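Numbering (my numbering), first residue to last: 11 to 294.
All remarks here apply to the structure that follows.
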Ligand code: GLN
């Protein structure tokens, strides 16, 4: 089907939906991006003509989406905890379930005087930047990642959210002596997908950096390493929050208990009521 010469928003929407396997909500977001209009506006003024430039961009974006590329990479941003983060294929797309770690961290630091937060494997910086954006100038954070590429994205996000004066970045992993104890909150969303479970192309996950996903044979390699160092970094009265996949949460909980024998260790549930993270609470 050729696109008629006078292309309206409605015609373009129908065309994109008929051409590719792209779902209606993604088409709507693509149309909103290329026209610079809100989705509500697009619904009300569907008979408005679309410029040739917007039309060709929409067609290109829909094609990329149909090939599996995650929409946030195509549009350049992802929403997380009420903020907009720059994302591209150097970082994992922040997931809604990771918002629980931010909620827990915010609740814990609520009444602390000068809390220090450590975000291990920061990626796009979504966790550290959200925590800082939602707290006062008394809160400081360190963010660390082994990927220099990811840190560039995280730094851009820190600037975008205006939190860079309170955020210090480090390259490397949690074993680096550059991290100065003690942290009141340590948050880690480390790679936890068992190698054999990493989705192949054209799954959207196949577009994401493997280094951000691959947790080794059982998914827990990075957490084993992390838990060797976390105890010496955590304050006497502090928390560690670690996200993982529901099937490996019980194993992660056992590792956490072994690393923090005197702490209270609990499992947190995500929006879908699945076991999603482990929380370690130490007390003086
Ligand atoms: N939740 C991501 C996924 O299932 C994995 C994130 C991670 O490994 N930290 O694709």
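All residues carry an ideal CB built from backbone N, CA and C; glycine is no exception.
Computed from a prediction, not measured in an experiment: that's the story for all the values here.
{"Item": "4-residue-minimum alpha helix (DSSP H) runs that sit fully inside the stretch 78 to 163, ordered along the chain", "Value": "81 to 85, 109 to 119, 136 to 143"}
{"Item": "Sequence-distant residues of its chain with Cβ nearer than 7 angstroms to residue 153 (five each side left out)", "Value": "129, 132, 135, 138, 164, 177, 179"}
{"Item": "Straight-line gap, residue 191 to residue 148 (C-alpha atoms, nearest Å)", "Value": "17 angstroms"}
{"Item": "Outcome for residue 181 when other beta-carbon atoms lying within 10 angstroms are tallied against a minimum of 16", "Value": "exposed"}
{"Item": "Whole-angstrom distance between residue 214 and residue 248, CA atom to CA atom", "Value": "36 angstroms"}
{"Item": "Cα-Cα separation, residue 237 to residue 113", "Value": "22 angstroms"}
{"Item": "Residue 299 vs residue 68 beta-carbon contact at 7 angstroms", "Value": "Nothing can be reported for residue 299: it is not among the residues displayed for the chain, which extend from 11 to 294."}
{"Item": "Proximity winner among 115, 211, 76, 97, relative to residue 288 (alpha-carbon distances)", "Value": "115"}
{"Item": "Nearest-angstrom Cα separation, counted from residue 106 out to residue 54", "Value": "29 angstroms"}
{"Item": "Residue range of the beta strand (DSSP E) that includes residue 291", "Value": "285 to 292"}
{"Item": "Distance cut-off 6 angstroms: residue 100 Cβ against heavy atoms of ligand 1", "Value": "no"}
{"Item": "Cβ-heavy atom distance, residue 265 to ligand 1, below 6 angstroms", "Value": "no"}
{"Item": "Residue 195 in three-state terms, based on DSSP", "Value": "strand"}
{"Item": "Given residue 269 as reference, the closest of 278, 294, 239 once Cα atoms are compared", "Value": "239"}
{"Item": "The stretch 218 to 226 in contact with the stretch 156 to 173 per 3-pair CB rule at 8 angstroms", "Value": "yes"}
{"Item": "Cutoff 6 angstroms; reference residue 173; Cβ partners in own chain excluding five residues on either side", "Value": "139, 142, 143"}
{"Item": "Helix, strand or coil at residue 215 according to DSSP, with G and I counted as helix", "Value": "helix"}
{"Item": "Burial state of residue 108 (16 or more Cβ within 10 Å)", "Value": "buried"}
{"Item": "Extent of the continuous beta strand (DSSP E) run through residue 32", "Value": "Taken as a continuous stretch (DSSP letters only), residue 32 belongs to no beta strand (DSSP E), as it is neither H nor E."}
{"Item": "DSSP beta-bridge partners of residue 252", "Value": "198, 288"}
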